[in-house]
Structures are given as structure tokens and as C-alpha cells.
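What follows is a set of notes on a single structure, which appears directly below.
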Amino acid sequence: MKKVLFAMALVATFSAAKAQTPAIPADVNALLQKHTCYTCHAPAKKIVGPMWSEIAKKKYTAKQFAGLVKKPVPANWPGYPAMAPLPNVPKGDLDKIHAWVSTLAK
Ligand code: HEC
């Protein structure tokens, strides 16, 4: 039932003229902006990289998540260009981003 409701919500979202995005906590929003993640990742839309809700489905641990940002594995995402490694993002910031991304997993 939860899945059905989610599917309906998706249909409603895509049929709406303006794209609705899930609410993002202010602190996470600030980090995504500061570290330029937004350039390539949106919550529910493919830009250059996969949307956060797709990444959430991989159910990475915080450690795996941080590791993949510092050293991306493009083979995990066929059809996408390789993500540029971002080795300078503090682990604490990545943990906060990871915690939020995890809430998007259905
Ligand atoms: C220049 C574009 C770009 C930027 C900036 C970017 N990403 Fe990515 N990201 C990608 C692409 C493309 C992929 C898929 C291919 C890959 O993993 O190499 C990806 C994949 C990922 C994945 C999935 C890794 C996997 O192997 O499943 C995570 C997690 C991720 N990005 C997090 C982040 C975070 C957090 C930031 C900001 C600190 C960020 N990305 C900034 C382009 C980007």
C-alpha cells in the first residue's frame, strides 16, 4: 500500500507542471550547495549524476557513502559519466548528507 501511494505521488508529481521536490532540511541543503553536489544531483530528477532517491536505493553505509564520494566507482552507474572525486569534503558533512539520503529509500 505504501508503494502504491508512492507511485501515485510520483505520477501526481510528474503530471504537475512545476516539479515538486521533497523537503530538504536546511542544514543538509546548505551542505549540498556548499560542496556543489547540486550541480550534478537533484532529489528526484536525473541531471548529470543519479538522483538522490536512486542513490538511496543502494542502501550504502555512511562509510561506503563517504568512500564513494572521495573515490567514485563509475562502474556502479552504467550510462552515467564518471563523478569527479571530491576528496576534500569533511567526513562529518558527508555523514549528514548520507543520513538524509538514507531517508529517501523506500
Ligand atoms: C560534476 C558532477 C558531480 C558532482 C559535483 C557530484 N557528483 Fe556525485 N555523482 C556524479 C555522477 C556522474 C555519478 C554516477 C557515476 C559515478 O558514480 O562515478 C555520481 C554518483 C554519486 C554517488 C553514488 C556512488 C556509487 O558508486 O553508487 C554518490 C553517493 C554521490 N555521487 C554523492 C555526491 C555528493 C555527496 C556530492 C557532493 C559532495 C556529489 N556527489 C557531487 C556526479 C557528480
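Quick note on numbering: this note's numbering labels position 74 of the sequence shown as 95, and the sequence is numbered without any gaps.
From the three backbone atoms N, C-alpha and C, an ideal C-beta is built for every residue, glycine too.
Practice task
Please indicate yes or no: does the CB of ALA83 lie closer than 7 Å to some heavy atom of the ligand FMN?
Solution key: With respect to the ligand FMN, the structure shown offers nothing to examine, as its ligands consist of the ligand HEC.
Handout entry: CB of TRP121 within 8 Å of CB of PRO46, strictly
Key = Position 100 of the sequence shown holds residue 121. Position 25 of the sequence shown holds residue 46. Result yes, Cβ atoms of TRP121 and PRO46 sit closer than 8 Å.
Handout entry: Bridge partners - LYS67, DSSP secondary structure assignment
Key = In the sequence shown, counting from the first residue as 1, residue 67 sits at position 46. Beta-bridge pairing links LYS67 to HIS62.
Handout entry: ALA87 versus ASP48 - alpha carbon distance
Key = By 1-based counting over the sequence shown, the position of residue 87 is 66. By 1-based counting over the sequence shown, the position of residue 48 is 27. Cα to Cα, ALA87 sits roughly 18 Å from ASP48.
Problem - Proximal residues to ALA83 (C-beta, below 6 Å), its chain only, five neighbours per side dropped - result: In the sequence shown, the residue the question calls residue 83 occupies position 62. The residues are ASP116, HIS119.
Exercise for the section: For TRP98, verify whether its CB is less than 7 Å away from any heavy atom of the ligand HEC. Expected result: Here residue 98 refers to the residue found at position 77 when the sequence shown is read from its first residue. Correct: TRP98 has its Cβ closer than 7 Å to the ligand HEC.
Practice task
Using 10 angstroms around the beta-carbon of LEU31, count the other beta-carbons present and answer buried if the total reaches 16, otherwise exposed.
Solution key: For the purposes of this step, residue 31 is taken as the residue at position 10 of the sequence shown. Low local confidence applies: a pLDDT of 48 at LEU31 is under 50, so the model's placement there is unreliable, and no value is given.
Exercise for the section: Compute every distance between the C-beta of LYS79 and the non-hydrogen atoms of the ligand HEC, then say whether any falls below 7 Å. Expected result: The residue you call residue 79 lines up with position 58 of the sequence shown. Correct: LYS79 has its Cβ closer than 7 Å to the ligand HEC.
Handout entry: Contact test: GLY113 Cβ vs the ligand HEC heavy atom, cutoff 7 Å
Key = Stepping through the sequence shown from its first residue, residue 113 is reached at position 92. Not so, every heavy atom of the ligand HEC lies at least 7 Å from the Cβ.
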